[in-house]
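Those protein sequences? They're chains X and B, same order as listed.
The numbering of the first sequence is the working numbering, which starts it at 1 and goes up by one.
The numbering of the second sequence is the working numbering, which starts it at 1001 and goes up by one.
Notes follow the structure.
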Amino acid sequence: MLGTLAFATIALLVTGYVLLDGYDLGIAAIAPLIGRNAQERGAAMASIGPFWNGNEVWLIVAGAALFALFPVAYASSFSGFYLPFIVVLWMLMFRGIAMELRDHLDSDLWRQFWDAAFWLSSVALMALFGVALGNLVRGVPLDRHGYFTGTFAFLLNPYALLVGVFAIVALAQHGAAFARLRIEGAPAERAARLQPGLWWIALVLYVALTAATFAVRAMPPTWLIVMPIISLLGLLVLRHASRTQHLRRAFAASAIFLTSLLVEAAGTLYPYLLPSFPGGRGGISVADAAPPSSLAVGLVVTLGGTMCVLIYAVAVWRGLSGKVRVE
Amino acid sequence: MDAAAVDRLQFAFTVMFHYLFPIGTMGLAPFVAVYTWKSAFSGDSGAAQAARFWTRIFAINFAAGVVTGIPMEFQFGTNWAEFSRRTGAVVGQPLAMEGVFAFFLESVFLGVLLYNRRDRPSPLVAWSAVLVCLGSWLSGFFIVATNAWMQHPVGYVMEGDHARLVSIGALLFSTWAWWQFAHVLTGALLAGCMIVAGCGAYYLLSGRERELGRRFVRAGSIGALVFATIAAFPTGDGNAKDVTQYQPIKLAAMEGLFRSSPHAPLAIIGMPDTVQGILVDPIYVPSLLSFLAYGNFSASVEGLSAYPASQWPPIELTYYAYHVMVGLGTIFGFVAALACIALALRKLYEARWLLWALMLLMPFPYIANEAGWMVSEVGRQPWIVYGVLRTAQATSPTVNSGEATFTLIGFAGMYFLLGVLFILLVLREIGRGPSPEGAP
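Encoded structure:
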């Protein structure tokens, strides 16, 4: 029971991360398309300037919560996916450095370099996160202690790569919706023009992915059947709202679309955190959670603490709302 | 090299590089908070300039601290999987608390602080500066609480090879955690004061920013004297008493004491020779070690020979790190005392030799802080969790030395780039100075 709650907590934190840092990554992915010069790309970066750091904390907290609540899954997955994981760390660092240092020197060459670094590291992160999620859903070979026994090449299977591509598109779409909310002028107009194309690609990939998931996994639990309906509704509302200039509604619809996908992934995985390949039966499950005493403390801290954070973060962020101009 | 050796090297390198930045954030945060507060509520225009200046430097430190901090949290899983698997249910708790209670606080309110564009900060901005300071100290506390459990495990029981948490209160309120945190924070504050004083000294020596330069030198020197004193007593002393009680082998290694003896002397200098088991060319203060450890000049202190060599930490590194820390701390206290005397005699701002000393001392608090952590961490070896789990048994079974070497080289390259950029940007901010003429 506590194990299930802990599983849901991790899923919640990951969802928080994807929704929030997702728009940072998405903005980065489309920055070269919506910003034609250093000033316009600067506005794209400034639109996420006060937020990205706090958004990234969701990832850190999710990692720490996994450590505290599911030490076995934490140890096995982080050491098992050693190289991809370290590359994720490097890319997170590179993105952070690019964000922070870009405006410290008044030189176009300097800015161009960091703009490119920002784009490259963000796209790599989305792809890596997507591939990781794909492998989680598909399952990985594990030994009896729960340690990964596969190879690097095993992780680069077609299904996981498809999830990787889909992650880039879905988050780019999320970023475009956010860009229209936060930026004024030419970059926002270009973001609006990108939306229909991204929408169609996202729809096609979504359908392909749903079919592929049935192929790599056994039947998911029946209640999950509502999730694809919510996903499709989210997509439809997103399209309609972006066309009719209901920008907040469009961003919310994109968030609902992403949330429904993650709930579906979590529902498919449950009760496993790290299912074994093939078939996703067996592996590290909620039964391998930390002892109840740790779960109780960890859950109070992560759930209670995150609620407090949400209250003050929302209050503060309201004060920072408004649009960013191209300077 | 075997995988465990590379894992150790990578962790030592990444954590030592990372720690350079928390020294700056924990040490400078109170200056940011006080100057911002003054400019918000008293309309002090000098304080407003100082607040913006130190906020800019703080922000560079913070960003570098965040990007180098994320790999620390995740390396427990990547390179130390056995450690995580066996003890994560316990050590994971303070780490999760750090994320939830400290990181969010810092990052949300730093956002407010950095996007403040007004000359006179609003009350929200002033409070944000205070909360950022609180966040950076809380973050330090939870990390030290994690480390304190590895030094002196409490509030748990072993079930098979897994640690089960019994009492989170025992972990957070262990004597080790509080003495160590007090000492770590004092070290960072001492560094912050020396940076502020050194920066002010640079301005006075180069004949610019006279008003703020004097302010920085004054505040920094007084603060440095206070914290250099607290670093020795009570916080350093409190730490040493814990070490004496719970890790006597570390104490013997720190002091280069090979043979147990009553009236144990304190070695001011000397070079340990681990083959012959003696301290070469020592200068001793008789009986002082007995007094410092037990409050009694005739107490017997156990030497390294009382323990099998398989239980020894690396002696040379522990010994020198400890002596470097104490030696530098003494020098800081001495120079700060001179500066405060000159200040009282109203001669500090013209005493160029003293300003030179303050300026040139700027990098050394970093060395002293890092050396202190080396005593703590190297001296804990061969254990990762003292008396419970050996470091050599704590690595990831699936990560071989080739993989770890590749990532170590990658981290080295990444951190070289980051280090160069950091120094470039901070020097540039100092060069621009706090006055509005230099501001963008």
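C-beta atoms are modelled at their ideal positions from N, C-alpha and C, and glycine is treated no differently.
Local conformation of residue i per DSSP, three classes
i: D1242(B); result: helix
i: L109(X); result: helix
i: S1042(B); result: coil
i: M1(X); result: coil
i: Y206(X); result: helix
i: Y159(X); result: helix
i: Y1284(B); result: strand
i: P1308(B); result: coil
i: G1027(B); result: helix
i: L1257(B); result: coil
i: Y270(X); result: coil
i: F1109(B); result: helix
i: Y1294(B); result: helix
i: A1439(B); result: Residue confidence is low: A1439(B) scores 44 on pLDDT, short of 50, so the model does not pin down where it sits. Its coordinate-derived value is still stated next. A1439(B): coil per DSSP, three-state reduction.
i: G1069(B); result: helix
i: V1091(B); result: helix
i: L1205(B); result: helix
i: L1504(B); result: Residue 1504(B) lies beyond the range of chain B shown here (1001 to 1440); nothing can be said about it.
Beta-carbon neighbours of residue i, restricted to chain B and to distances below 7 Å
i: P71(X); result: S1084, R1085, G1088, A1089 and G1092
i: G96(X); result: A1063, V1066 and V1067
i: L83(X); result: E1403
i: Y74(X); result: G1077, S1084 and G1088
i: Y147(X); result: P1397 and T1398
i: H104(X); result: L1425
Check whether residue i and residue j have beta carbons under 9 Å apart
i: S1136(B); j: V1112(B); result: no
i: A1102(B); j: L1138(B); result: yes
i: M93(X); j: L1418(B); result: yes
i: P1382(B); j: S1435(B); result: no
i: G134(X); j: L162(X); result: yes
i: G3(X); j: V286(X); result: yes
i: G96(X); j: V1066(B); result: yes
i: H1263(B); j: S1298(B); result: yes
i: A1368(B); j: F1422(B); result: no
i: Y74(X); j: S1084(B); result: yes
i: L181(X); j: F251(X); result: yes
i: A1201(B); j: G1213(B); result: yes
i: I1023(B); j: Y1366(B); result: yes
i: I34(X); j: P187(X); result: yes
i: A1163(B); j: V1385(B); result: yes
i: H1152(B); j: D1242(B); result: yes
i: G1303(B); j: I1283(B); result: no
i: I1070(B); j: L20(X); result: no
Whole-angstrom C-beta distance between residue j and residue i, which should lie under 8 Å
i: F331(X); j: G1099(B); result: Within the shown structure, residues of chain X are numbered from 1 to 327, placing residue 331(X) beyond reach of any answer.
i: F1074(B); j: G63(X); result: 6 Å
i: L1205(B); j: W1356(B); result: 7 Å
i: D1044(B); j: S1401(B); result: The Cβ separation is near 57 Å, so there is no contact.
i: A1293(B); j: L1251(B); result: 7 Å
i: L83(X); j: E1403(B); result: 6 Å
i: L125(X); j: M91(X); result: 5 Å
i: G1155(B); j: L1171(B); result: 4 Å
i: R41(X); j: A31(X); result: 5 Å
i: P1308(B); j: V1378(B); result: So it is not a contact: roughly 19 Å between Cβ atoms.
i: T268(X); j: P220(X); result: 5 Å
i: G337(X); j: I27(X); result: Given that chain X is displayed from residue 1 to residue 327, the structure contains no residue 337(X) and the question cannot be resolved.
i: V1166(B); j: S293(X); result: 7 Å
Contact list for residue i against chain X, beta-carbon separation under 9 Å
i: I1070(B); result: E56, L59, I60, G63, L89, L92, M93 and G96
i: V997(B); result: What is shown of chain B runs 1001 to 1440, which leaves residue 997(B) out entirely.
Contacts that residue i makes with chain B (C-beta to C-beta distance below 8 Å)
i: P330(X); result: Limits of chain X in this structure are 1 at one end and 327 at the other, which puts residue 330(X) out of reach.
Contact list for residue i against chain B, beta-carbon separation under 9 Å
i: S293(X); result: A1089, R1164, L1165, V1166, S1167 and I1168
i: L101(X); result: I1060, A1063, L1421 and L1425
i: A122(X); result: Reading off the sequence shown, one finds Ser at residue 122(X), where the question assumed Ala. Correct list: empty, because the minimum Cβ distance to chain B is about 14 Å.
Beta-carbon neighbours of residue i, restricted to chain X and to distances below 7 Å
i: G1099(B); result: V57, I60, V61 and A64
i: F1141(B); result: The contacting residues do not exist; F1141(B) stays about 14 Å from chain X at best.
i: A1013(B); result: The question names Ala, yet the displayed sequence has Phe at residue 1013(B). What F1013(B) touches in chain X: nothing, since even the nearest Cβ is about 14 Å away.
i: A1344(B); result: The contacting residues do not exist; A1344(B) stays about 40 Å from chain X at best.
Query - Members of the segment 1162 to 1195 of chain B that neighbour chain X once the beta carbon cut-off is set at 8 Å - result: H1162, R1164, L1165, V1166 and I1168
Query raised in the report: What residues in the segment 1384 to 1412 of chain B bring their beta carbon closer than 7 Å to a beta carbon of chain X?
Result: S1396, P1397, T1398, V1399, E1403, T1407 and G1410
Query - Under 9 Å (Cβ pairs) to chain X, residues found in the segment 1019 to 1046 of chain B - result: none
Report task. Taking a Cβ distance cut-off of 7 Å, strictly less, list which residues of the segment 297 to 311 of chain X are near chain B, in chain order. Result -> V297, G298, V301, T302, G305, T306 and V309
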